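Residue 1 is where the sequence shown starts when you use full-length UniProt numbering, and the numbers rise one by one after that. Ideal Cβ positions, reconstructed from N, Cα and C, are used throughout, including at glycine. This structure is a prediction, so every number in the text was calculated from the model and none was measured. One structure below.
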Amino acid sequence: MRRIVHLSDPHFGAEEPRLVPHLLAAVAALAPDLVVMSGDLTQRARPEQFEAAARFLAACPAPVLAIAGNHDVPLYDLRLRFGDPWRRWRQSVGRDLEPVFENDALVVVAVNTANPLAWKDGKITGRQVERVARCFAEAGARRRVLVMHHPLQGPPAEPPALVGAGDALAGLVEAGTEVVLSGHLHATYVTPLTGAERILSVQAGTCLSWRVRGDGNAFNALDFDTDGVVLTHHRAGADGRFAADAAIRMERRASGWQV
């Protein structure tokens, strides 16, 4: 069994500071193989917010794969936004905008969907899908996990947030993508993708921000075995401590995921 802790949308600059030590303690107790942070590390892409995010990532007690979200692009500094949107990210978080993690059981590939030209909505391109396919080509029996900030499909009531998602689906299925971890919506849910049921979509809520929806502050832990994955939802209580409050097992079949 291999474990990924999936965090998202901490929004440093709009975070609940009291939750930070409790979140780090919860992650340490789970002893994951990998911590995934699926975007929006900052609220307004300011230097001090990136510095706070970098301190948090450095304190995580496991390898970290972090990707940018739309809030990690400068919004009001137009010269930086359109001229060098990833300067602060690269200075504080890492030079690789689309990192890859591999061990003997997992291949985890990041796709940067943040689009400085549109800011809020994201974009995925054919070239990115081709790169995912190359990364997964040598995965063998290992689980193929994709990480992106914007979901490939959102809830029915939500407007589409990712340009190119429809065109990307067939290529991602062909590449053998099994699970996609996303954020952006500040809501937790898990479902096979419509029309691409061989891909399981896992959304994480915001782990630290006060900009919550009905889910509150939360994160997911995913335990992978040969037949499927168990997702355990962890939520912050009134005392700020995170505890597991629900778990669901998904079985991977030839026809797709069964929840």
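Euclidean distance between Cα positions of residue i and residue j
{"i": "A110", "j": "T188", "result": "20 Å"}
{"i": "D239", "j": "Q49", "result": "25 Å"}
{"i": "F242", "j": "I67", "result": "23 Å"}
{"i": "R87", "j": "E15", "result": "22 Å"}
{"i": "A58", "j": "R2", "result": "22 Å"}
{"i": "M148", "j": "A170", "result": "17 Å"}
{"i": "L106", "j": "A139", "result": "8 Å"}
{"i": "R90", "j": "S38", "result": "16 Å"}
{"i": "R131", "j": "P32", "result": "26 Å"}
{"i": "residue 267", "j": "A45", "result": "This structure cannot settle anything about residue 267, because the visible part of the chain is limited to 1 through 259."}
{"i": "V36", "j": "A218", "result": "14 Å"}
{"i": "Q203", "j": "R252", "result": "18 Å"}
{"i": "A133", "j": "P61", "result": "30 Å"}
{"i": "G126", "j": "G164", "result": "8 Å"}
{"i": "Q258", "j": "R249", "result": "9 Å"}
{"i": "T177", "j": "P21", "result": "34 Å"}
Span of the alpha helix (DSSP H), counted from its first residue to its last, around residue i
{"i": "P160", "result": "P160 -> no alpha helix (DSSP H), and no H or E assigned at all."}
{"i": "E48", "result": "47 to 59"}
{"i": "W89", "result": "87 to 92"}
{"i": "R81", "result": "78 to 83"}
{"i": "V108", "result": "Where V108 is concerned, there is no enclosing alpha helix (DSSP H), although the beta strand (DSSP E) it sits in stretches over 106 to 110."}
{"i": "P21", "result": "19 to 30"}
Residue interval of the beta strand (DSSP E) (run including residue i)
{"i": "G228", "result": "228 to 236"}
{"i": "V129", "result": "Not the beta strand (DSSP E): V129 falls in the alpha helix (DSSP H), residues 126 to 136."}
{"i": "G256", "result": "256 to 258"}
{"i": "H186", "result": "No beta strand (DSSP E) contains H186, which DSSP labels as neither H nor E."}
{"i": "A68", "result": "Per DSSP, A68 belongs to no beta strand (DSSP E) and is neither H nor E."}
{"i": "R44", "result": "Unbroken run through R44: none, as it is neither H nor E."}
{"i": "V35", "result": "34 to 38"}
Residue i at chain C interface by Cβ criterion, 8 Å
{"i": "Y76", "result": "The chain labelled as chain C is not found in the depicted structure, where only one protein chain is given."}
Buried versus exposed, by CB contacts within 10 Å (16 or more), residue i
{"i": "S255", "result": "exposed"}
{"i": "D40", "result": "buried"}
{"i": "R144", "result": "buried"}
Presumed contact (8 Å Cβ cut-off) between residue i and residue j, rounded CB distance
{"i": "G69", "j": "G183", "result": "7 Å"}
Should the segment 4 to 14 be regarded as contacting the segment 204 to 212, the criterion being three or more beta carbon pairs within less than 8 Å? By the Cβ criterion, the segment 4 to 14 is in contact with the segment 204 to 212, since at least three pairs of Cβ atoms, one from each stretch, lie closer than 8 Å.
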